[in-house]
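In my numbering, the protein residues as written are 2 to 180.
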């Protein structure tokens, strides 16, 4: 009796280990937000809900333009390595925050020498509720007050005054009024 031995070689390839990194809190309508993975690919298939992939599909880094609806968005990645092993990440949650609403107040027609208060009542609403104000206007005018007062206005101060409101999450809204 002759015995024979057979050997079978089994090769186990490792799975990719994709890990998504990027912002987890954005403002609605924010564009060019980068999400990436430190994986080695070579194949990447990204999926985004609540926004669109502006560029980078098929690479280890994408740019996302988030849409104008507040709520939850998600990013997910399926990475396939050179051994054809594929892993899909869990959903990467992204909170899409509402923008503040800036109010520069109504346009005013006044006579020279009077005082004019800029801004609405209130000058900002919505967003996260904590606001920073930035006014700019004719002649290099600037202010960081919610409702600045132009004292004894002159004809040179006539024109558009722009209010930019930034909330505590960095979301921005702008509007203008005329004096």
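Don't be surprised by glycine CBs; every beta carbon is placed ideally from N, CA and C.
Values in this document were obtained by computation on a predicted structure and should not be read as measured data.
- The residue from 72, 40, 4, 154 with its alpha-carbon nearest to that of residue 50 is 72.
- DSSP places residue 51 outside both helix and strand once states are collapsed to three, so it counts as coil.
- Residue 149 sits in coil when the DSSP states are folded into three classes, being neither helix nor strand.
- Around the C-beta of residue 122, fewer than 16 other C-beta atoms lie within 10 Å, and the residue is accordingly described as exposed.
- Closest in C-alpha terms to residue 17, from the list 62, 138, 140, 45, comes 45.
- For residue 146, the closest C-alpha among the options 156, 155, 120 is that of 120.
- Under the three-state reduction of DSSP output, residue 79 falls in the strand class.
- If you look at residue 123, you'll find it isn't in any beta strand (DSSP E); DSSP assigns it neither H nor E.
- The three-state secondary structure of residue 35, taken from DSSP, is strand.
- Around the CB of residue 97, 16 or more other CB atoms lie within 10 Å, so the residue is classed as buried.
- DSSP places residue 19 in the coil class of the three-state scheme, outside both helix and strand.
- Residue 78 holds the alpha-carbon nearest to the alpha-carbon of residue 89 among 159, 78, 83, 114.
- In the displayed model, residue 157 falls within a helix according to three-state DSSP.
- Sequence-distant partners of residue 176 (beyond 5 residues in either direction) whose C-beta falls short of 6 Å from its own C-beta, in its chain, are 103, 105, 164.
- Only exposed fits residue 110, as fewer than 16 other CB atoms lie within 10 angstroms of its CB.
- When DSSP states are grouped into helix, strand and coil, residue 141 belongs to the helix group.
- The beta carbons of residue 25 and residue 94 sit about 7 Å from each other, so the pair counts as a contact at 8 Å.
- Residue nearest to residue 36 within the set 30, 60, 99, 172 is 60 (criterion: CA-CA distance).
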